[in-house]
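Chemist:
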Amino acid sequence: MTTWIVWFSVVLSLACRYSASIEDSSDTSGDSTVETGDSNGEPTFSGDVHPMLWESCGGCHLPAFAVMALTGDPAEDYDIIMPYVDVVNPMASLLLTKATGVQHEKIWEVGGNEFETTIAWIENGAVNN
Ligand code: HEC
Numbered sequence: 004m005t006t007w008i009v010w011f012s013v014v015l016s017l018a019c020r021y022s023a024s025i026e027d028s029s030d031t032s033g034d035s036t037v038e039t040g041d042s043n044g045e046p047t048f049s050g051d052v053h054p055m056l057w058e059s060c061g062g063c064h065l066p067a068f069a070v071m072a073l074t075g076d077p078a079e080d081y082d083i084i085m086p087y088v089d090v091v092n093p094m095a096s097l098l099l100t101k102a103t104g105v106q107h108e109k110i111w112e113v114g115g116n117e118f119e120t121t122i123a124w125i126e127n128g129a130v131n132n
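According to this note's numbering, the sequence shown is numbered sequentially starting from 4.
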């Protein structure tokens, strides 16, 4: 009897996790309400770059963090990250060098999606869009 209860709860919890993961994946890939890219298809700060920064960096760079303390609000975070953006020489932006592991934890791959999106946004002038 006890064995059955254990089995039943194991199966139930696996089923729950499975359906949760299906919901998760449809959220990220198929959500047509999330607008990314401007009218020319170029990445925007609020729609593309900021969500990646918040997701990848926000875990450490929280409001109480000593440096580059993010808030989660794109309007405020734009001003916070701009000191680390080099529009003249995008590759030299601390935002990217730190993110890819130069004297910092390696979070992003050079050439990865986050890196490419962010550098494209910087090359386009790093505007607050
Ligand atoms: C595991 C925790 C952690 C994560 C995640 C993290 N950072 Fe950092 N970051 C730090 C620490 C600690 C420092 C301070 C020491 C240093 O400069 O490396 C720092 C410093 C920085 C600095 C220099 C700020 C200054 O004023 O000197 C930048 C820029 C930066 N991080 C960007 C990023 C970006 C962009 C991401 C996400 C792609 C990110 N970090 C993710 C821990 C983290």
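Cβ coordinates follow ideal geometry from the N, Cα and C atoms, glycine included.
Is the closest heavy atom of ligand 1 to the C-beta of D102 under 7 Å?
Modeler: Note on identity: in this sequence residue 102 is Ala, with Asp being the wrong assignment. The answer is yes for A102.
Chemist: Between F118 and P77, is the Cβ-Cβ spacing less than 8 Å?
Modeler: The answer is no: Cβ separation not under 8 Å.
Chemist: Heavy atom of ligand 1 less than 7 Å from the Cβ of G114, yes or no?
Modeler: no
Chemist: So, for H143: in the same chain, excluding its five sequence neighbours on each side, which residues have a beta-carbon less than 7 Å away from its beta-carbon?
Modeler: Nothing can be reported for residue 143: it is not among the residues displayed for the chain, which extend from 4 to 132.
Chemist: Measuring alpha carbon to alpha carbon, tell me which of T39, N43, G44 ends up nearest H53.
Modeler: T39
Chemist: Which stretch, first to last residue, makes up the alpha helix (DSSP H) that contains T140?
Modeler: Residue 140 lies beyond the stretch modelled for the chain, which goes from 4 to 132, so this question has no answer here.
Chemist: What residue does the alpha helix (DSSP H) around E58 start on, and which one ends it?
Modeler: 53-60 is the span of the alpha helix (DSSP H), which, as asked, contains E58.
Chemist: Could you give the DSSP three-state label for T121: helix, strand or coil?
Modeler: helix
Chemist: Distance, Cα to Cα, E108 vs L99?
Modeler: Computed Cα separation, rounded: 12 Å.
Chemist: Tell me the DSSP secondary structure of T74 in three-state form.
Modeler: Three-state result, T74: coil.
Chemist: Please check the pair T120 and D51, which I expect to be a contact at CB under 8 Å, by giving their CB distance rounded to whole angstroms.
Modeler: That pair is a contact at about 5 Å.
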